[in-house]
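Novice: Counting from 3, one number per residue, gives the positions in the sequence shown under this note's numbering.
We put the beta carbon where it would ideally sit given N, CA and C, even for glycine.
Here it is, the structure, as structure tokens.
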Amino acid sequence: MRRSLLAILVMVGVVTTVAVNEARQDRAALTVLELDDNLFMLANAPSVQGMGGGGNTAIFVTSDGVTLVDTKIKGYGTDILGAVREITDKPVTTIINTHTHWDHTGANAEFPESVNIVVHQNTAANLRSDDCDDGSGFQGGSIKNCDAFKGENARFLPDETFSDRMTVHSGADSIDLYYFGRGHTDGDTFVVFREARVMHTGDMMARKGLPYLDVPSSNGSATEFGKTLTKAAAGISGVDRVIPGHNPVPLPWQDFVDYGGFYNDVVAKAEAGKAAGRSVDEVVSSYSVPSQYSEYVAAEDRLRATVQYLYDGQ
Numbered sequence: 003m004r005r006s007l008l009a010i011l012v013m014v015g016v017v018t019t020v021a022v023n024e025a026r027q028d029r030a031a032l033t034v035l036e037l038d039d040n041l042f043m044l045a046n047a048p049s050v051q052g053m054g055g056g057g058n059t060a061i062f063v064t065s066d067g068v069t070l071v072d073t074k075i076k077g078y079g080t081d082i083l084g085a086v087r088e089i090t091d092k093p094v095t096t097i098i099n100t101h102t103h104w105d106h107t108g109a110n111a112e113f114p115e116s117v118n119i120v121v122h123q124n125t126a127a128n129l130r131s132d133d134c135d136d137g138s139g140f141q142g143g144s145i146k147n148c149d150a151f152k153g154e155n156a157r158f159l160p161d162e163t164f165s166d167r168m169t170v171h172s173g174a175d176s177i178d179l180y181y182f183g184r185g186h187t188d189g190d191t192f193v194v195f196r197e198a199r200v201m202h203t204g205d206m207m208a209r210k211g212l213p214y215l216d217v218p219s220s221n222g223s224a225t226e227f228g229k230t231l232t233k234a235a236a237g238i239s240g241v242d243r244v245i246p247g248h249n250p251v252p253l254p255w256q257d258f259v260d261y262g263g264f265y266n267d268v269v270a271k272a273e274a275g276k277a278a279g280r281s282v283d284e285v286v287s288s289y290s291v292p293s294q295y296s297e298y299v300a301a302e303d304r305l306r307a308t309v310q311y312l313y314d315g316q
């Protein structure tokens, strides 16, 4: 029986004080939202502040099983599977990760080894990296999460990779994967559920605010982020709604298009400031969000980091 769009199906992971693992002590409240007959979004409840359980997970029920996009923070595998079981008895067969970060790949190793894991080739390289001691200030350890796939857990490294475009499954189950260049990291994948006309953006659009740019750890790029958004908006068609990386509800496609305009306006103002010999501080202090992007937030710390990376050509 079809339920109304965005109906809350089940509340999982109600806040407790049970220590689940070293990644986090409290279980965040999660909600399942229906986007289509066979497509669901597992998100932090709107009341949850900060990182919560991690990035948004897409649950896609195919003819043969369930495909997940992103697996949140380590320890949330049981929460994800519990949400799946509220929807279907079919097994999880495929995991697609939008990028390498610990809040999007954290529970990969909590699913059966038989699950097929698909990522961009640069994300696979990040997950296989031996340079895992950066990002230690983030909850969960190394931000690119490569330390989670060493030793016995190496068996959960990706099974399939792609370079520019790939289609997973076929027919009505088709999922199109796109890569348009560096941005949040160097391996960000746009995941399009063709029949549902929905796209998972990962953290190329985490929410309506300036992005965190993982330049130091995962080769992200402030100078290329806006170009990648522009290429994605031009190169992907047939999408009506997007699942952002962390926003508690999906957003219209136009919000994604506007997000590129919002970010590229920051780039233009930073470039103009640099050309005029102004300092980063001067650009930041004089910046205001244009009226056409009034729903988008430029937090000072994100703005300063973005402008500094742009000044440094990174």
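Excluding sequence positions up to five away, which residues of its chain have a Cβ less than 8 Å from the Cβ of G240?
Specialist: Position 238 of the sequence shown, counted from the first residue, corresponds to residue 240. Within the same chain, G240 has close Cβ partners V194, R196 and R199.
Novice: Since V94 and V117 should fall inside the 8 Å C-beta cutoff, what is the C-beta to C-beta distance between them, to a whole number of angstroms?
Specialist: The count along the sequence shown starts at 1 and reaches residue 94 at position 92. The count along the sequence shown starts at 1 and reaches residue 117 at position 115. Yes, V94 and V117 are in contact; Cβ-Cβ is about 6 Å, under 8 Å.
Novice: Taking the C-alpha atoms as reference points, what is the distance between V34 and E162?
Specialist: Walking along the sequence shown from the start, residue 34 turns up at place 32. Walking along the sequence shown from the start, residue 162 turns up at place 160. Taking the straight line joining both Cα atoms gives about 28 Å.
Novice: Which runs of the alpha helix (DSSP H) fall wholly inside the region 211 to 243 and span at least 4 residues, in chain order?
Specialist: You should have 217 to 220 and 224 to 237.
Novice: Tell me whether the beta-carbon of P250 lies closer than 8 Å to the beta-carbon of N46.
Specialist: Working through the sequence shown from its first residue, we reach residue 250 at position 248. Working through the sequence shown from its first residue, we reach residue 46 at position 44. Closer than 8 Å, so yes.
Novice: Counting C-beta neighbours from all protein chains within 10 Å, is the total for D175 16 or more, i.e. buried, or is it exposed?
Specialist: Residue numbering aside, residue 175 sits at position 173 when the sequence shown is read from its first letter. D175 should be labelled buried.
Novice: Tell me the DSSP secondary structure of I75 in three-state form.
Specialist: Numbered from 1 along the sequence shown, position 73 holds the residue referred to as residue 75. Here I75 sits in coil by DSSP.
Novice: Below 7 Å CB to CB, which residues in the same chain sit around T59 once its five sequence neighbours on both sides are set aside?
Specialist: Locating residue 59 in the sequence shown gives position 57, counting from the first residue. Within the same chain, T59 has close Cβ partners L44, L70, V71, D72, T73, K74 and I82.
Novice: Can you confirm whether the region 50 to 65 touches the region 263 to 278 when touching is taken to mean that 3 or more C-beta pairs between the two stretches lie within less than 8 Å?
Specialist: The region 263 to 278 vs the region 50 to 65: no contact.
Novice: Give the straight-line distance between the Cα atoms of G189 and G279, rounded to the nearest whole angstrom.
Specialist: As a first step, residue 189 is located in the sequence shown; it is residue number 187 there, counting from the start. As a first step, residue 279 is located in the sequence shown; it is residue number 277 there, counting from the start. Going by the C-alpha atoms only, they are around 33 Å apart.
Novice: By the 10 Å Cβ neighbour count, where 16 or more other Cβ atoms means buried, how is S287 classified, buried or exposed?
Specialist: One-based indexing of the sequence shown puts residue 287 at position 285. Its Cβ having fewer than 16 others within 10 Å, S287 is exposed.
Novice: Which residues in the same chain have their Cβ closer than 8 Å to the Cβ of S233, if we skip the five residues on either side of it in sequence?
Specialist: As a working note, residue 233 is residue 231 in the sequence shown. Before going further, note that residue 233 is Lys rather than Ser in the sequence given. Correct list, in chain order: F182 and G183.
Novice: If distances are taken between C-alpha atoms only, which option among Y78, W104, D216 and L32 comes closest to P48?
Specialist: For the purposes of this step, residue 48 is identified with residue 46 of the sequence shown, where counting begins at 1. Answer by Cα proximity: L32.
Novice: Residues in the same chain with beta-carbon distance under 7 Å from G54, minus the five sequence neighbours each way, listed in chain order, please.
Specialist: By one-based count along the sequence shown, residue 54 stands at place 52. Cβ within range, chain order: A30 and N46.
Novice: Buried or exposed: where does S281 fall if 16 or more other Cβ atoms within 10 Å of its Cβ makes it buried?
Specialist: By one-based count along the sequence shown, residue 281 stands at place 279. Classification for S281: exposed.
Novice: Looking only at C-alpha atoms, which of Y311, G77, D260 and V299 sits nearest to D318?
Specialist: A question about residue 318 goes unanswered here, because the residues of the chain that appear run from 3 up to 316.
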